[in-house]
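For the sequence shown, the positions run 739 to 941 when our numbering is used.
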Amino acid sequence: MHTLYGNKLSGNCWKPAFLLHHRGLPFRWIEVDIFEKETRRAEFLARNPNGRVPLLELPDGRRLAESNAMLLHLAEGTSWVPSDPYERAKMYEWMFFEQYSHEPYIATVRFWTIVQQRDATDFAANIAERTPGGYAALGVMEQQLAHTPFLVGASPTLADIALYAYTHVAAEGGFELSRFPAVTVWLARFAALPGFAPMPCYS
Ligand SMILES: N[C@@H](CCC(=O)N[C@@H](CS)C(=O)NCC(=O)O)C(=O)O
Numbered sequence: 739m740h741t742l743y744g745n746k747l748s749g750n751c752w753k754p755a756f757l758l759h760h761r762g763l764p765f766r767w768i769e770v771d772i773f774e775k776e777t778r779r780a781e782f783l784a785r786n787p788n789g790r791v792p793l794l795e796l797p798d799g800r801r802l803a804e805s806n807a808m809l810l811h812l813a814e815g816t817s818w819v820p821s822d823p824y825e826r827a828k829m830y831e832w833m834f835f836e837q838y839s840h841e842p843y844i845a846t847v848r849f850w851t852i853v854q855q856r857d858a859t860d861f862a863a864n865i866a867e868r869t870p871g872g873y874a875a876l877g878v879m880e881q882q883l884a885h886t887p888f889l890v891g892a893s894p895t896l897a898d899i900a901l902y903a904y905t906h907v908a909a910e911g912g913f914e915l916s917r918f919p920a921v922t923v924w925l926a927r928f929a930a931l932p933g934f935a936p937m938p939c940y941s
């Protein structure tokens, strides 16, 4: 079976957990405490030199880092990956957008907000600086989702998993999702898919 090293508050870790669960693939979840910097200990670095979760161990022992690489591996040959080359490229477009234009803003602001609440560290300036980028990303999604039920068209693809991850918990970073009606409807549409569970999940 697969083994997934993850943290239950992490949207990046939710992505492969959702897909494993949706596909009915049994897996073992190993909780890693990122607040205690367990990802930076020698034992974990030996598994992933980049010192981050999620980390997936395949049934044959081979390892894979990067949440979106895991999605691509786990979805091989399924309808989560469009067969049409242009639609497949659009899926990649959204997945790269997620890592460069969405996650560094929405996930990071949410993380700082959670850390602030836990140990009273002051991240207010960082949060204020990154918040506009998060709203810009939500605006880009809103434009697309006003026209199509899912990001690439009529059916869900890996792009929807990748972007659902931190969008559905964006309010925990102070983002007002009510400003984005099409995104809000899409969140509900995604949550109605079989095998769905929100974060914290599957652990
Ligand atoms: N691009 C990576 C990002 C992974 C990442 O940033 N992981 C965070 C949790 S969401 C982490 O492990 N943080 C702990 C650390 O950096 O020490 C992915 O998509 O998997």
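C-beta: ideal position from N, C-alpha, C; glycine also. Please read these numbers as outputs of a predicted model, since none were measured by experiment.
For residue i and residue j, which I take to be in contact (beta-carbon distance under 8 Å), what is that distance rounded to the nearest angstrom?
i	j	result
Val-907	Gly-872	Actually they do not touch by this definition, with Cβ atoms about 12 Å apart.
Trp-752	Ala-903	5 Å
Leu-876	Phe-913	7 Å
Met-829	Leu-758	Between Leu-758 and Met-829 the Cβ distance is about 19 Å, and since that is not below 8 Å, they are no contact.
Leu-883	Trp-924	5 Å
Gly-749	Ala-874	The Cβ separation is near 18 Å, so there is no contact.
Note down, in chain order, each residue of its chain lying with its Cβ closer than 7 Å to the Cβ of residue i, except the 5 sequence neighbours on either side.
i	result
Ser-941	Only weak support is given to the placement of Ser-941: the predicted model assigns it a pLDDT of 49, under 50, and the value that follows is read from those uncertain coordinates. Only Lys-746, Trp-767 and Glu-769 meet the Cβ criterion.
Val-853	Thr-859 and Phe-861
Asn-864	Trp-850
Assuming residue i is part of the beta strand (DSSP E), what are its boundary residues?
i	result
Phe-765	765 to 769
Glu-795	793 to 795
Leu-802	801 to 803
Thr-741	740 to 744
Say yes only if the C-beta of residue i is nearer than 7 Å to one or more non-hydrogen atoms of ligand 1, and no if none qualify.
i	result
Pro-938	no
Lys-746	no
Pro-842	no
Gly-789	yes
Asn-864	no
Lys-828	no
Thr-859	no
Arg-779	no
Which residue comes first and which comes last in the alpha helix (DSSP H) that contains residue i?
i	result
Leu-758	749 to 760
Leu-901	896 to 905
Phe-835	823 to 835
Ile-772	Careful: Ile-772 lies outside any alpha helix (DSSP H) and carries neither H nor E.
Val-921	919 to 929
Phe-818	As written in the sequence, residue 818 is Trp, which differs from the Phe given in the question. No alpha helix (DSSP H) contains Trp-818, which DSSP labels as neither H nor E.
Arg-785	Per DSSP, Arg-785 belongs to no alpha helix (DSSP H) and is neither H nor E.
CB-CB under 6 Å to residue i, same chain, minus the five flanking residues each way: which ones, in chain order?
i	result
Met-712	There is no way to answer for residue 712, as the model of the chain reaches only from 739 to 941.
Pro-894	Phe-888
Pro-823	none
Under 7 Å: does the beta carbon of residue i sit that close to some heavy atom of ligand 2?
i	result
Ile-899	Of the ligands one can find in the structure shown, namely ligand 1, none is ligand 2.
Across which residues does DSSP place residue i in a beta bridge pair?
i	result
Gly-891	Phe-888
Counting only the same chain and skipping the five closest in sequence on each side, list residues whose C-beta sits under 8 Å from that of residue i.
i	result
Met-739	Leu-763, Pro-764, Phe-765, Arg-766 and Pro-797
His-760	Leu-931, Pro-932, Gly-933 and Phe-934
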